[in-house]
Amino acid sequence: MDALLDRIPVTEDGRRVWESAPPYALRHIATHAAPAGRLDELIADGDYLVHAEPDTLLAAFDSVTTEAGRLARLVYRRSIEHHRVLSAERRRQVLAVDAALFRRDSRRQEHAVGCVGECCFPGGRATPGFRDRRLPDQPAASLGCRLPAVTGGC
233 MDALLDRIPV
243 TEDGRRVWES
253 APPYALRHIA
263 THAAPAGRLD
273 ELIADGDYLV
283 HAEPDTLLAA
293 FDSVTTEAGR
303 LARLVYRRSI
313 EHHRVLSAER
323 RRQVLAVDAA
333 LFRRDSRRQE
343 HAVGCVGECC
353 FPGGRATPGF
363 RDRRLPDQPA
373 ASLGCRLPAV
383 TGGC
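Heads up: take any position in the sequence shown, counting from 1, add 232, and you land on my numbering.
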């Protein structure tokens, strides 16, 4: 796993730049992390969840051992069918909302970083497949994202 991590650029403040990661790393790093007992460490980086190959990550998720890892798995699986077809930016937005639904402020804020453009939240026009889901009754501003949240059908 370290050999793959070494291929991913890092910012001056130490954050991995997953959008610049080699495609092989995005597809297979979870497969390497799981048997090494390091998947919890990998998925603690919320930006990795945004850019990971969904089906490979899903297959590796059973190896999580920490409470934070189980929570990340729960949040990610909530919208797995959408992660497969959404761009990374849309996936970031969906993960932020799903984290809010589980009331996990730190994860929600981590995914909300970088939210720009049109919103694709549950019930919104941007993603018709979400029409069967609704956000809990709470003000849109409490979601912590800089995008408007749609709490009803459009």
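Don't be surprised by glycine CBs; every beta carbon is placed ideally from N, CA and C.
{"Check": "Delimiting residues of the alpha helix (DSSP H) encompassing L318", "Outcome": "Taken as a continuous stretch (DSSP letters only), L318 belongs to no alpha helix (DSSP H), as it is neither H nor E."}
{"Check": "Where P286 falls, given that 16 or more other Cβ within 10 Å makes a residue buried", "Outcome": "buried"}
{"Check": "Buried versus exposed, by CB contacts within 10 Å (16 or more), D234", "Outcome": "exposed"}
{"Check": "Whole-angstrom C-beta distance between L271 and A292, which should lie under 8 Å", "Outcome": "6 Å"}
{"Check": "CA nearest to the CA of V249, picked from E299, D279 and R324", "Outcome": "D279"}
{"Check": "Cα-Cα separation, C347 to R324", "Outcome": "Its pLDDT being 40, under 50, C347 is placed unreliably in this model, and the value from its coordinates should be taken loosely. For C347 and R324, the distance between alpha carbons rounds to 7 Å."}
{"Check": "Inter-residue spacing [alpha-carbon to alpha-carbon] between I240 and A276", "Outcome": "16 Å"}
{"Check": "Simplified DSSP assignment, three categories, for R410", "Outcome": "Nothing about residue 410 can be read from this structure; the chain reaches only from 233 to 386."}
{"Check": "Cβ shell of H315 (< 6 Å), same chain only, five flanking positions each side left out", "Outcome": "P286 and R323"}
{"Check": "Burial state of A265 (16 or more Cβ within 10 Å)", "Outcome": "buried"}
{"Check": "CB contact flag (A262, L237, <8 Å)", "Outcome": "no"}
{"Check": "Backbone secondary structure at V242 - three-state DSSP", "Outcome": "strand"}
{"Check": "Buried versus exposed, by CB contacts within 10 Å (16 or more), D330", "Outcome": "buried"}
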